[in-house]
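One structure is given below, encoded as structure tokens.
Protein chains: 2
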Amino acid sequence: MTSHNKPPTLQDVARDAGVSCNTASVVLNGSRSNTRVSEATRERVIRAAANLSYVPNAMARGLAQKRTQAIGILFGVAAGSTDYVTNPYMTGILQGVLEAAGDAGHCVTIYTQGWVSAKVSAPLFRDGRTDGVLVIAPPATADILSGLSALGIPLAAVACEAEVLNIPSADVDNRAGVELVVRHLIHLGHSRIALITGEADMSSTALRTDAFTSAMRDAGLQPDRQLYARCNYSGEGAERAFLSLWNMQDRPTAIFACNDAIAAGVARAARSIGAAIPDELSLVGFDDVPTASMVTPSLTTVRQPLQMIGAEATQMLLGRIAGEVYPATPRLFSPALIVRESTGKVCSR
Amino acid sequence: MTSHNKPPTLQDVARDAGVSCNTASVVLNGSRSNTRVSEATRERVIRAAANLSYVPNAMARGLAQKRTQAIGILFGVAAGSTDYVTNPYMTGILQGVLEAAGDAGHCVTIYTQGWVSAKVSAPLFRDGRTDGVLVIAPPATADILSGLSALGIPLAAVACEAEVLNIPSADVDNRAGVELVVRHLIHLGHSRIALITGEADMSSTALRTDAFTSAMRDAGLQPDRQLYARCNYSGEGAERAFLSLWNMQDRPTAIFACNDAIAAGVARAARSIGAAIPDELSLVGFDDVPTASMVTPSLTTVRQPLQMIGAEATQMLLGRIAGEVYPATPRLFSPALIVRESTGKVCSR
DNA sequence: GGTTTTAATGTAACCGCTTGCAATAGGCAA
DNA sequence: TTGCCTATTGCAAGCGGTTACATTAAAACC
Chain D
125 MTSHNKPPTL QDVARDAGVS CNTASVVLNG SRSNTRVSEA TRERVIRAAA
175 NLSYVPNAMA RGLAQKRTQA IGILFGVAAG STDYVTNPYM TGILQGVLEA
225 AGDAGHCVTI YTQGWVSAKV SAPLFRDGRT DGVLVIAPPA TADILSGLSA
275 LGIPLAAVAC EAEVLNIPSA DVDNRAGVEL VVRHLIHLGH SRIALITGEA
325 DMSSTALRTD AFTSAMRDAG LQPDRQLYAR CNYSGEGAER AFLSLWNMQD
375 RPTAIFACND AIAAGVARAA RSIGAAIPDE LSLVGFDDVP TASMVTPSLT
425 TVRQPLQMIG AEATQMLLGR IAGEVYPATP RLFSPALIVR ESTGKVCSR
Chain P
125 MTSHNKPPTL QDVARDAGVS CNTASVVLNG SRSNTRVSEA TRERVIRAAA
175 NLSYVPNAMA RGLAQKRTQA IGILFGVAAG STDYVTNPYM TGILQGVLEA
225 AGDAGHCVTI YTQGWVSAKV SAPLFRDGRT DGVLVIAPPA TADILSGLSA
275 LGIPLAAVAC EAEVLNIPSA DVDNRAGVEL VVRHLIHLGH SRIALITGEA
325 DMSSTALRTD AFTSAMRDAG LQPDRQLYAR CNYSGEGAER AFLSLWNMQD
375 RPTAIFACND AIAAGVARAA RSIGAAIPDE LSLVGFDDVP TASMVTPSLT
425 TVRQPLQMIG AEATQMLLGR IAGEVYPATP RLFSPALIVR ESTGKVCSR
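From first to last, the protein sequence lines stand for chains D and P.
According to our numbering, the stretch in the first sequence is residues 125 to 473, in order.
According to our numbering, the stretch in the second sequence is residues 125 to 473, in order.
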């Protein structure tokens, strides 16, 4: 019974192999290329380590060489919220991060510290637990990125304004996604197209709003600010936003919701008041969450490659940790328009 | 600009406060109640630490006191798979874990090491990175739990056979959940009820199959083994399982799918061959994933409190790390039957 | 006043591993 | 034989904390 004994240390390996722990260290992590070890010794050490199922202590190693082989991940959450992984966006990113980090032999540590103020929270990340931090879709108002950046912590980000801070980041190409949506709707004959955005302090809100306006103009349509509504990305407030649009004298024939959760809220509200989708109203979402294909009518939406985005950001972070330099411009991934049942030709009436 | 300077150490704090680093240490982590420190000194140290935004180095602290204030989490995945957080079950548990761990001031580290063999993988968790490991729904065939247990690593588990290993665990009350389903269906007049389970090596499969058989017997019905089918919890193979049941000479009037992903597959297959739900076939799922309420017809299913289960398991793990002892019997959480549109009275024909 | 308590703080040895540098031992040229 | 180079290996000082124990000084006791 080997239960409850302490894990073997490098000293144990060295003793069993009949060498100093210096030699054991050199053998086991292949470093010190200038200092060579004889083949016989190398084998003895490796055999001893295998016999003991030796695993180096990450704390000691981290302390000595100041690299932990772990990265931290910080999810953007609304102030006071603890909903870290309750939506498919975050979990999609996380899955990509886990795969990329795993491939690189890095652990992933999720930070749950609240987003107090950047001055207060940022120093917490200097606890030496991780080599760098990945920040996912933080609200711009939480200036955590600048706080972390000022402390010299290696960073990469997803879906946020990282360019001005010279932080590498990855994101979906929001502009391209919005253009796909607007072109699709216009192609179906819509011209009064409404926009329902999420929180104002998310970078995607500004980007999509701006892209929407441009795309409308490009199509020769005058965007109507009356048709811009706002709620939360969680879907909260979507019903109200929908109703305010629907009760206008000159109501829109299509609504572009900035994510699928908002679109779901709109669909629910539409059904409850008997507005037919897509006959009376076309509806488009963004994200292509699993539910989008299952609902009735199924949702036309923009798919973004979340796992690729998460993986790319992870690789950038690992690169930054290794000292590489990246361009500040975000790495953008192409979205795809998934046309389903919630959009149709504009009703002639 | 304070950029890129090294994080302040305890020595820095001690120097600024004009004390030895012993005193600083004692003040800052409040320990050593036998050794007292004067109020004046205490204040000086605290002020110095605050001025420097001092954060103790987790590696050094972990090395010294052999506790890292971090827990590991290992997701049960199919052999060769890297789908850690791609399904709502895992993310629901994770969310609960994050909240509970965060409340206790612990970090959560996700392990991505593959489930090689228990002999190979288990020692990896002795790297000192975490104080204990939470194992979520592992396949019984991957004897990782026994491997970890043999090494004396503090453990807690979710949804698995942990009792024989004397490992504290939490889970939904599968038996109660299944009974709710069977009673509901019988109440609607069904007697030929089919069961579609997930992988055979998941503890829930055995538990739910057994509970199903018992519940049928308790209702005075003879369970028909012909009506037991199997596929994967991911939903893969659900169509085939459904068709094999549907093509029987004496087909079932109701199907209990062991999770919502399977139920979704069944619903899809049923629609594709024109089998009407619930008119010709009642369908029940398990889990109550977000999609369940959105599909048409919406899915009758069993809701389990995933976040509570995750949080409870976390608290057990933290307790075990602190030396507490828990009963080996799993802590069970009551499920709730959510009746929606996919179940109805048996068709009289 | 001398001795014992007690309060307050400092010293130094670890925790397990990395790494600069010293040390040892053959081998070979001089 | 002596000296020097090179291939191996060991020594020891950290990394940044924690903590048993020693130390000092002031207070309390007889």
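Every residue gets a Cβ at the ideal spot worked out from N, C-alpha and C, and that includes glycine.
Check, Outcome
"Counted within 10 angstroms of its Cβ, other Cβ atoms place residue 446 of chain P as buried (16 or more) or exposed", "exposed"
"Residue-chain proximity (residue 291 of chain D, chain P), Cβ-Cβ < 7 Å", "no"
"Candidates P/284, P/407, P/246: closest to residue 453 of chain P by CA position", "P/284"
"Within the region 226-300 of chain P, ranges of the alpha helix (DSSP H) (whole runs, at least 4 residues)", "242-245, 268-274"
"Where residue 154 of chain D sits in the DSSP three-state scheme", "coil"
"Segment limits, beta strand (DSSP E) that includes residue 486 of chain P", "Residue 486 of chain P cannot be examined here, being either before or after the span of chain P that is shown, 125 to 473."
"Any chain P beta carbon closer than 7 Å to residue 210 of chain D", "yes"
"Interface positions of the region 213-233 of chain P facing chain D (Cβ-Cβ less than 7 Å), listed along the chain", "215, 218, 219, 222, 223, 225, 226, 231, 232, 233"
"Beta-carbon proximity list for residue 126 of chain P, same chain, < 7 Å, skipping 5 on both sides", "For residue 126 of chain P, the predicted structure reports a pLDDT of 45, less than 50, and the residue's modelled location is therefore unreliable. A value from the coordinates is still provided. Same-chain partners within the cutoff: there are none."
"Residues that residue 336 of chain D bridges to, as DSSP identifies them", "Answer by DSSP bridge pairing: none, since residue 336 of chain D is not bridged."
"Cut-off 7 Å between Cβ atoms - residues of its own chain near residue 458 of chain P, not counting five sequence neighbours on either side", "297, 300"
"Per-residue DSSP class, three states only, for residue 135 of chain P", "helix"
"Closer than 7 Å at the beta carbon, the chain D residues around residue 414 of chain P", "415"
"Anticipated Cβ contact below 8 Å, residue 191 of chain P with residue 255 of chain P, distance rounded", "6 Å"
"Residues sharing a beta bridge with residue 408 of chain P, DSSP", "P/380, P/424"
"Residue from D/420, D/344, D/220 with nearest C-alpha to residue 465 of chain D", "D/420"
"Boundaries (first-last residue) of the alpha helix (DSSP H) holding residue 168 of chain D", "163-176"
"Segment contact, 8 Å Cβ cut-off, at least three pairs: the region 211-231 of chain D with the region 200-209 of chain P", "yes"
"Selection from D/441, D/139, D/235, D/130 that minimises the alpha carbon distance to residue 249 of chain P", "D/130"
"Span separating the alpha-carbon of residue 140 of chain D from that of residue 175 of chain D", "10 Å"
"Straight-line Cα distance separating residue 259 of chain P from residue 228 of chain P", "19 Å"
"Bridge-paired residues (DSSP) for residue 321 of chain P", "P/354"
"Chain D within 7 Å of residue 328 of chain P, Cβ atoms only", "no"
"Three-state class that DSSP yields for residue 397 of chain D in the structure shown", "coil"
"Proximity test, Cβ basis, 7 Å: residue 432 of chain P and chain D", "no"
"Check whether residue 309 of chain D and residue 378 of chain D have beta carbons under 7 Å apart", "yes"
"Listed by chain order, chain D residues near residue 466 of chain P by CB distance under 7 Å", "The contacting residues do not exist; residue 466 of chain P stays about 13 Å from chain D at best."
"Reduced DSSP secondary structure (H/G/I, E/B, other) of residue 302 of chain D", "helix"
"Beta-carbon gap between residue 232 of chain D and residue 277 of chain D smaller than 7 Å", "no"
"Rounded separation between residue 313 of chain P and residue 302 of chain P - CA only", "17 Å"
"Beta carbon of residue 359 of chain P nearer than 7 Å to that of residue 262 of chain P", "no"
"Residue 222 of chain D in three-state terms, based on DSSP", "helix"
"Straight-line Cα distance separating residue 151 of chain D from residue 423 of chain P", "59 Å"
"Contact set for residue 362 of chain D: own chain, Cβ-Cβ below 6 Å, skip 5 residues either direction", "355, 386, 389, 390"
"Residues of the region 416-430 of chain D with Cβ closer than 8 Å to any Cβ of chain P, in chain order", "418, 419, 420"
"Neighbour-count burial assignment, residue 403 of chain D, 16 or more Cβ in a 10 Å radius", "exposed"
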